[in-house]
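Here is the structure we will look at, set down as structure tokens.
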Amino acid sequence: MGLSDSALPNEKAANKSFPISLISLTVGAFAIGMTEFVIMGILPNVADDLGVSISAAGQLITMYALGVAVGAPILTVLTRKIPQKKLLLFLMGLFIFGNVMAVVAPNYSILMVARLITALTHGTFFGVGAVIASNLVHPDRRAGAVSLMMAGLTIANIIGVPIGTFIGQNMGWRASFAAIAIMGVVTMIGIIIFIPKLKQEKAAGIMQQISELVNPRLLIFLLIAVLGNAGLFAVFTYITPLLVQVTGFAEHSVTWILILFGVGVTIGNLIGGKLADWKLMPALLGIYFTICVLLTLFTFTVYNPIAAVITIFLWGAASFAVFPGMQVRIMSLAQSAPALASTTSHSAGNLGNATGAFIGGLVITHMSLTALPWVGAILVGLALLLGIACLMWDRKFERA
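Quick note on numbering: the sequence shown equals residues 1478 to 1877 in the numbering used here.
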């Protein structure tokens, strides 16, 4: 931990490798990813044990998403004066408390409150974590550092969720949340030992932070995040019926395809960070264009098992390659409130997730399952057009 405020910039400039302190952020992201998604695998167990319907248990997922979308920016504003390292420790303490509360929850209502508490930590942790990660490295490696932290979230889908589901199905659903709480303790220890005390700018006032968020260029990028995620979730939400009813896979095979998708997501996230560090805006536009092409191709490859699997792997990689660059770009557009901007981008992403799932449902009802990929391509295409407009705006701004 022996990094002083004054020594850190020199260390960053001299050391081009990622510091070990980033790993504690990655572990935290892994724990948060696990608590967000493991509920899907143990939903029947929770419903049976608490005596509620599956649809009622499903509201535990909805409440978590609302907690991230609405609560996280509010918590970020309220905690803006707390030093970043102390804030991370507070968030992990709240995260551990929420998961322990889930372990001992005597009824559905208490479990709902526990889910809401853990959701509040989600967006704020990633918002503050992205700022810390980008400050721990040389300026030309900021997106790479953010992608390394975000890798914890993607790895949680490949490894953490299956393990958490296995624990829940064999030892009871409460054991899943106990395992996540232990991961939170490990993260807290890592933060105490490895995260240095970074020099912090004087916290901006609430009105100044809000005024940063209504910057038109930032709002456009948040809309890009909504559209990009909507394109992803319009298809991904219904990937199982697509693969079973259209491609012809057996239902048990879909699990392995989703694991492969998760591997693509993790690889894409890390590559996306490197591309964004190389050339930020061209990388973002190139990735969005690639996603459009892949979703358009999926309209045709969905009928062939091998071609469909290859397309899904590449689509997963491209879809998550865009996130590190988007985080860095959004933070750079809110100089006085980077943590709030970064947190708000997660809120925009969750809004996109919900919007995409809703649009996908409408497409299935009024068109067909097979229309999902090209509708997803159109949504991402709109994000691409807005991105091109932003690039032209930036160049005009620079010339002025």
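Glycine is no exception: its CB is placed at the ideal position from the N, C-alpha and C atoms.
Does DSSP put residue i in a helix, in a strand, or in coil?
i, result
"A1707", "helix"
"I1497", "coil"
"G1603", "Gly is not the amino acid found at residue 1603; the sequence shown has Phe there. Here F1603 sits in helix by DSSP."
"I1701", "helix"
"G1667", "helix"
"P1715", "The sequence given here has Tyr at residue 1715, not Pro. Three-state result, Y1715: coil."
"L1613", "coil"
"A1484", "In this prediction, A1484 has a pLDDT of 38, which is less than 50 and means its spatial position is unreliable; what the coordinates show is noted afterwards. Coil at A1484, not helix or strand."
"V1850", "The identity of residue 1850 in the sequence shown is Pro, whereas the question assumes Val. In the structure shown, P1850 sits in a helix (DSSP, three-state: H, G or I)."
"Y1765", "helix"
"P1560", "coil"
"Y1585", "helix"
"I1865", "helix"
"V1779", "coil"
"N1647", "helix"
"I1594", "helix"
"V1691", "coil"
"F1726", "coil"
"I1659", "helix"
"K1751", "helix"
"I1640", "helix"
"I1573", "helix"
"K1674", "coil"
"K1756", "coil"
"F1654", "helix"
Which whole-angstrom value describes the C-beta separation of residue i and residue j, a residue pair presumed to lie in contact below a C-beta threshold of 8 Å?
i, j, result
"L1846", "P1718", "6 Å"
"L1597", "L1564", "Going by Cβ atoms, the distance from L1597 to L1564 rounds to 13 Å, so no, they are not a contact pair."
"L1772", "A1854", "4 Å"
"S1611", "M1808", "7 Å"
"T1778", "A1784", "4 Å"
"F1603", "H1823", "5 Å"
"G1667", "V1504", "6 Å"
"L1630", "L1499", "Their Cβ separation, rounded to whole angstroms, is 14 Å, which puts L1630 and L1499 out of contact at 8 Å."
"G1750", "V1623", "6 Å"
"L1859", "L1704", "5 Å"
"A1506", "M1626", "5 Å"
"L1737", "F1797", "In fact, because the Cβ distance is near 14 Å, the residues do not count as touching under 8 Å."
"F1710", "G1829", "7 Å"
"V1712", "L1849", "5 Å"
"L1588", "L1537", "7 Å"
Is residue i buried or exposed, if buried means 16 or more other CB atoms sit within 10 Å of its CB?
i, result
"I1670", "exposed"
"Y1765", "buried"
"Y1715", "buried"
"Y1780", "exposed"
"L1555", "exposed"
"R1872", "exposed"
"H1599", "buried"
"Q1722", "exposed"
"G1800", "Contrary to the premise, residue 1800 reads as Phe rather than Gly in this sequence. Burial call: buried."
"W1870", "exposed"
"T1732", "exposed"
"V1844", "Just to set this straight, residue 1844 is Met in the shown sequence, not Val. It is exposed - the Cβ of M1844 has fewer than 16 other Cβ atoms within 10 Å."
"G1725", "exposed"
"P1550", "buried"
"S1501", "buried"
"V1852", "buried"
"I1657", "buried"
"S1586", "exposed"
"W1792", "buried"
"F1643", "exposed"
"K1634", "Note that residue 1634 corresponds to Asn in the displayed sequence, not to Lys. It is buried - the Cβ of N1634 has at least 16 other Cβ atoms within 10 Å."
"A1866", "exposed"
"M1517", "exposed"
"T1595", "buried"
"W1650", "buried"
"V1691", "exposed"
"N1584", "exposed"
"G1528", "exposed"
"P1759", "exposed"
Got a sec: does the ligand NAP put a non-hydrogen atom nearer than 6 Å to the Cβ of residue i?
i, result
"W1650", "Annotation note on the ligand NAP: not contained in the displayed structure, which lists no ligands."
Any Cβ of chain B within less than 7 Å of the Cβ of residue i?
i, result
"R1619", "The structure shown contains no chain B; it is built from a single protein chain."
Runs of beta strand (DSSP E) lying entirely within the stretch 1508-1558, each at least 3 residues, in chain order: With a minimum length of 3 residues, no continuous beta strand (DSSP E) run stays inside the stretch 1508-1558.
Alpha helix (DSSP H) segments (min. 4 residues) lying fully within the stretch 1801-1846: Runs found: 1815-1843.
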